[in-house]
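A.B. asks: In my numbering, the protein residues as written are 19 to 236.
We treat Cβ as the ideally placed atom computed from N, Cα and C, and that holds for glycine.
Have a look at this one:
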C-alpha cells in the first residue's frame, strides 16, 4: 500500500530517478512472467493511484485487485530499487504466492537490487537480509556464482537448527563454483539434497577425468 507513496509522494525523488524506478518495475514484472505494465493515474493534487495494465488485454486495474503474486513482489521491487545506496533492507519470505520459476527469478532480482552483478557492481552495494524457505531462490544464487556473475563472497546463508541444547545458529558456506561446502541435515528437501549430491559427484568425476584419476566411491 506504500508503493505509490514511494514512487510519487516522496519529494526527494527526482523525475529522472522516478522514471528509472518505473522502468525497473516494468522490466521485473515482465521478467516474472506477470505480463503487466505499471500505469499511474493522477487523482489531483499530490494524490495518485497505481494501476497494473495487462499487456495482453490492455485493461488496467488497481494494484490491489491483481493476483497475489504481483502484489507480493511489487513492493519488493519498488522499495528495493528506491532505497539509497549502501542501505540495509530486510525482506521476509518474498517467495510466498510465487510459483517455482518466479521464485528462481527472485534470486536475480535480489542481485539487481543489491547492485552486486559483475560488470555492473555498485560502489556502495545494498545489503539484503532475506528470510526465505525457497530452494529455488538459493539455487539461482548458486548458478550465478558458478557463472561468475556474482562472487561467493557476496552471499552468506545462515540457518537456525533445533538441537537438544536448544536452537543453534549456523552458516552454510559456498565455494567459488556455487557448491555447498557444508549443509545441515534437513536443510533442504530430499529432492534438492539428491540434486546437490549429483552435482558434487559430477564435478568430482569431471575433475578426476581431467586428471586421469579414479573417483573414490562413497
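Looking at the secondary structure, which residues open and close the alpha helix (DSSP H) in which residue 87 lies?
C.D. replies: Where residue 87 is concerned, the enclosing alpha helix (DSSP H) stretches over 86-100.
A.B. asks: Please classify residue 103: is it buried, with 16 or more other beta-carbons within 10 angstroms of its beta-carbon, or exposed?
C.D. replies: Burial call: exposed.
A.B. asks: Look up residue 139 in the DSSP assignment and say whether it is helix, strand or coil.
C.D. replies: Residue 139: coil per DSSP, three-state reduction.
A.B. asks: Quick one: grab the DSSP three-state call for residue 76.
C.D. replies: Correct three-state label for residue 76: coil.
A.B. asks: Please go through the same chain and pick out, in chain order, the residues whose beta-carbon is closer than 8 Å to the beta-carbon of residue 107, but skip the five residues on each side of it.
C.D. replies: 97, 98, 101, 131, 144, 145, 146, 147, listed in sequence order.
A.B. asks: In whole angstroms, give me the CA-to-CA distance for residue 158 and residue 62.
C.D. replies: Distance between the alpha carbons of residue 158 and residue 62 is about 43 Å.
A.B. asks: Bridge partners for residue 146 per DSSP, in chain order?
C.D. replies: BP columns for residue 146 point to 107.
A.B. asks: If residue 86 sits next to residue 115, beta carbons under 8 Å apart, how far is it from one beta carbon to the other, in whole angstroms?
C.D. replies: Confirmed, Cβ separation roughly 4 Å.
A.B. asks: Could you please give the first and the last residue of the uninterrupted alpha helix (DSSP H) stretch that includes residue 43?
C.D. replies: Per DSSP, residue 43 belongs to the alpha helix (DSSP H) from 33-49.
A.B. asks: Could you pull out every unbroken alpha helix (DSSP H) segment of at least 4 residues lying fully inside the stretch 151-227, listed in chain order?
C.D. replies: Entirely contained in the stretch 151-227, the alpha helix (DSSP H) runs reaching 4 residues are, in chain order, 153-164.
A.B. asks: Measure the C-alpha to C-alpha separation of residue 192 and residue 95 and round it to an integer number of angstroms.
C.D. replies: The alpha-carbon atoms of residue 192 and residue 95 are separated by roughly 26 Å.
A.B. asks: Can you give me the Cβ contacts of residue 142 inside the same chain, cut-off strictly under 6 Å, excluding the 5 residues immediately before and after it?
C.D. replies: Counting only Cβ-Cβ distances below 6 Å, and skipping sequence neighbours, we find 103, 104.
A.B. asks: Mind checking residue 227: buried by the 16 CB within 10 Å criterion, or exposed?
C.D. replies: Answer is exposed; the Cβ neighbour count stays below 16.
A.B. asks: Just to confirm before moving on: does the CB-CB distance between residue 84 and residue 70 stay below 8 Å?
C.D. replies: Cβ atoms of residue 84 and residue 70: closer than 8 Å.
A.B. asks: What residues match up with residue 69 in a beta bridge as DSSP calls it?
C.D. replies: Answer is 57, 80.
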